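What follows is one structure encoded as structure tokens, with my remarks underneath.
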């Protein structure tokens with residue numbers, strides 16, 4: 007069964023450094039998302055992406071964040087200058103258009119630790 | 165706007181006992197409702213979903229949930245808890261639009277006592 011994959015599974019970085027989190031959505035999906043989950047808290051929406059542009063973003067998704075679909079398979083989240091409070095699990099999700107489009111499929115997550 | 169509440173941040177049940185995890189939602193339009201499970205140090209796995217049609221939906225691992233519009237609820241149940249059910253459970257809501265997001269509840273941590 008196709009699934010969303012994410013790399014790396016864990017990343018440790020120093021405050022102020024740039025990080026790129028990578029996702030490979032399910033191949034026939036057209037809508038892509040990033041969510042984050044700070045330890046012990048609920049999963050929060052960051053951004054949605056369709057047709058090579060951001061569709062919606064939350065207030066968390068400030069100028070330090072960006073997303074990109076650099077090729078036909080990858081979907082990335084970049085944090086330009088990490089802060090301690092960016093430490094969280096980041097989930098990528100994708101969904102198809104049409105039949106089954108109500109369901110988002112989540113990747114296993116990348117656990118980011120900012121020191 | 166949509167929102168989700170889950171009554172009880174932590175629920176403990178004995179092995180073999182009924183599992184009931186409560187979820188209430190708020191939505192101005194007909195919602196799509198989901199339950200996701202997160203095992204320790206793992207990602208989010210879809211347990212079941214309600215879109216349209218039959219209000220009692222069955223999912224994986226023996227779980228089921230019933231959509232009750234009048235009560236704006238979508239409680240998750242399982243007749244007999246198993247040790248492997250210990251996990252974090254998230255109720256979520258979305259409304260299908262072109263660029264939609266899933267709104268998650270705060271989660272309920274389920275412990276199963278042998």
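Protein chains in written order, with this note's numbering: chain G, 7 to 121; chain C, 165 to 278. Backbone N, C-alpha and C define an ideal beta-carbon position, used for all residues, glycine too. Note that the coordinates shown come from a computational prediction; the quantities given were computed from them, not determined experimentally.
- Residue 83 of chain G is positioned such that its CB atom lies no closer than 9 Å to that of residue 17 of chain G.
- At least one CB atom of chain C sits nearer than 9 Å to the CB of residue 109 of chain G.
- Of C:165, C:241 and C:272, the smallest CA-CA separation from residue 251 of chain C is found for C:272.
- For the segment 233-258 of chain C, the residues whose beta carbon sits under 9 Å from a beta carbon of chain G are, in order, 254, 256 and 258.
- Ranked by Cα distance from residue 266 of chain C, the first of G:49, G:20 and G:66 is G:49.
- A residue is called buried once 16 or more other Cβ atoms fall within 10 Å of its Cβ, and residue 85 of chain G is buried on that count.
- Residues are counted here when their Cβ sits less than 7 Å from a Cβ of chain C; for the segment 39-68 of chain G these are 39, 48, 49, 51, 54, 56, 61 and 62, given in chain order.
- Fully contained in the segment 175-203 of chain C are the following beta strand (DSSP E) runs of length 3 or more, in chain order: 183-185, 188-190 and 196-202.
- Residues are counted here when their Cβ sits less than 9 Å from a Cβ of chain C; for the segment 75-93 of chain G the count is zero.
- Looking only at G:30, G:61, G:67 and G:88, the smallest Cα-Cα distance to residue 100 of chain G is reached by G:30.
- In this structure, the CA atom of residue 182 of chain C is about 35 Å from the CA atom of residue 52 of chain G.
- A distance below 6 Å between beta-carbons, with the five flanking residues on each side excluded, links residue 201 of chain C to the following residues of its chain, in chain order: 209, 211, 251 and 253.
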